[in-house]
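Quick notes on the structure that follows.
Numbering (our numbering), first residue to last: 8 to 378.
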């Protein structure tokens, strides 16, 4: 019987020593820690896509036949370089006609101005002669003045006609300039869709056939879909690094330049663009990128040991010790940062909580800190 009692006592003693909770007369002895607050900064991996900095579909502004194509797929071109030559005999005839009409109107204007000068001279001479009594009749003087006013009106009308004719000629010449299709910027021809002899230009419904696609690839746009929870830490001008499968082991850089300021309702992400300099052309538009994205929060977040967070079927909480009494504080978990986890709840930096949280500790229990 005595042996049995000794075994029971020994078992109870071992059980007491193995439990993290030790009771004293003053309360339950547990290890406690302090809630800390610091700005969150971490790096995450996000998918991205490289797109051309500029991409344009080159079309003909006027109906015409393709005379010659001076570039092909993969051609590197410079701004203003001739890409396609077009031919439109009807348009060329209209241009010549408009130029001839403008020239004819200019000749009419010159003739009208000459008549105006003559009428002005005659009127002036008669006015001078009229100063001598009886030298010029009133009728002659009046007729000369009327002739001068009529000549001036003819000149004004001719000037308006000349301006209109010149504007029409300039507009036709502008249309003629469209027969020379040039590059709008430095880039690479990525697609060629026409050959000599093809009829191009505005078609049914105003839709024109695409001649070429031109892309700027010396600079690229890296588009990254940033999760909603991380958009607050986006900084314009920040540098990001990324890699692509086509260049194993190589690291590339981009600079955050534009933020869409709109959350996609389906993916709950925001599109952010970084500019990438691609002078050596190791990168190609359309590549997928693995982006190392730095996430920074403008406000400090509360952090506690992961072991302090207690999860039950009903709730998630930490046990705060206030005036020596345990009280449950509901929290939500955030990002794990080392051995600590970000939490949100009715807590403040400096609050004392139980380090090893457990639902065995009841709310209202008197706590004695073991630290």
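Every residue, glycine too, gets a C-beta built ideally from N, C-alpha and C.
{"query": "Quick check on residue 102: does DSSP put it in helix, strand or coil?", "result": "helix"}
{"query": "In angstroms with no decimal places, state the Cα-to-Cα distance between residue 390 and residue 302.", "result": "For residue 390 there is no data in the structure shown, the boundaries of the chain being 8 and 378."}
{"query": "At what residues does the beta strand (DSSP E) containing residue 264 begin and finish?", "result": "259-270"}
{"query": "Spatial neighbours of residue 371 within its chain, please: C-beta separation below 8 Å, excluding the five flanking residues on both sides.", "result": "332, 333 and 334"}
{"query": "Whether or not the stretch 108-116 and the stretch 231-240 are in contact is what I'm after, with contact meaning three or more pairs of Cβ atoms, one per stretch, closer than 8 Å; do they touch?", "result": "no"}
{"query": "Which one of 203, 206 and 195 has the shortest CA to CA distance from residue 64?", "result": "195"}
{"query": "Do residue 208 and residue 71 have their CB atoms nearer than 7 Å?", "result": "yes"}
{"query": "With H, G and I counted as helix, E and B as strand and the rest as coil, what does DSSP make of residue 69?", "result": "coil"}
{"query": "What separation, rounded to the nearest whole angstrom, lies between the Cα atoms of residue 373 and residue 50?", "result": "41 Å"}
{"query": "Starting from the Cα of residue 204, find the closest Cα among 62, 93 and 341 and give me that residue.", "result": "93"}
{"query": "With DSSP run on the structure shown, which of helix, strand or coil describes residue 367?", "result": "coil"}
{"query": "Can you have a look at residue 228 and say buried or exposed, based on whether 16 or more other CB atoms are within 10 angstroms of its CB?", "result": "buried"}
{"query": "Which runs of the beta strand (DSSP E) at least 3 residues long sit entirely within the stretch 196-256? Give them in chain order.", "result": "217-234 and 246-251"}
{"query": "Identify whether residue 351 lies in helix, strand or coil by the three-state DSSP scheme.", "result": "strand"}
{"query": "Let me confirm a value: residue 367 is counted as buried when at least 16 other C-beta atoms fall within 10 Å, else exposed. Which label applies?", "result": "exposed"}
{"query": "Quick check on the DSSP output: the beta strand (DSSP E) that includes residue 361 runs from which residue to which?", "result": "359-361"}
{"query": "Taking all protein chains shown into account, do 16 or more other C-beta atoms lie within 10 angstroms of the C-beta of residue 96, making it buried, or fewer, making it exposed?", "result": "exposed"}
{"query": "With 7 Å set as the bound, which would you pick, yes or no: does the beta-carbon of residue 262 sit closer than that to a beta-carbon of chain E?", "result": "Considering every chain present, this structure includes no chain E. It has just one protein chain."}
{"query": "Determine whether the beta carbon atoms of residue 188 and residue 91 lie at a separation below 7 Å.", "result": "yes"}
{"query": "Flag this pair as yes or no: are the beta carbons of residue 263 and residue 281 separated by less than 7 Å?", "result": "yes"}
{"query": "According to the Cβ coordinates, are residue 42 and residue 356 closer than 7 Å?", "result": "yes"}
{"query": "Assuming residue 179 is part of the alpha helix (DSSP H), what are its boundary residues?", "result": "145-184"}
{"query": "Spell out the partners DSSP gives residue 191 in its beta bridges.", "result": "Per DSSP, none; premise fails for residue 191."}
{"query": "For the beta strand (DSSP E) containing residue 88, name the first residue and the last one.", "result": "That residue, residue 88, is in no beta strand (DSSP E); it is neither H nor E in DSSP."}
{"query": "Tell me whether residue 289 sits in a helix, a strand or coil according to DSSP, three-state version.", "result": "coil"}
{"query": "Under the rule that 16 or more other beta-carbon atoms within 10 Å means buried, what is residue 317, buried or exposed?", "result": "buried"}
{"query": "Just to confirm, is the Cβ distance from residue 309 to residue 44 under 7 Å?", "result": "yes"}
{"query": "Considering only residues of the same chain and omitting the five flanking positions on each side of residue 74, which have a CB-CB separation below 7 Å?", "result": "92, 93, 94 and 203"}
{"query": "Starting from the C-beta of residue 211, find all residues in its chain whose C-beta is less than 8 Å away, skip the five residues before and the five after it, and write them out in chain order.", "result": "For residue 211, the predicted structure reports a pLDDT of 49, less than 50, and the residue's modelled location is therefore unreliable. A value from the coordinates is still provided. Closer than 8 Å at the Cβ level, and outside the excluded window around residue 211, lies no residue."}
{"query": "Do you know how far the Cα of residue 328 is from the Cα of residue 311?", "result": "14 Å"}
{"query": "Pull up the CB-CB distance for residue 199 and residue 219, whole angstroms please, since I reckon it's below 8 Å.", "result": "6 Å"}
{"query": "Apart from the five residues just before and just after residue 253, which ones in its own chain have a Cβ nearer than 7 Å to its Cβ?", "result": "294"}
{"query": "If the criterion is Cβ atoms closer than 7 Å, does the pair residue 164 and residue 123 meet it?", "result": "no"}
{"query": "Residue 259 to residue 288, Cα distance in whole Å?", "result": "12 Å"}
{"query": "Determine the direct distance from the alpha carbon of residue 98 to that of residue 131, and round the result to whole angstroms.", "result": "49 Å"}
{"query": "Between residue 245 and the rest of its own chain, which residues show a CB-CB distance below 6 Å, the 5 nearest in sequence each way excluded?", "result": "263"}
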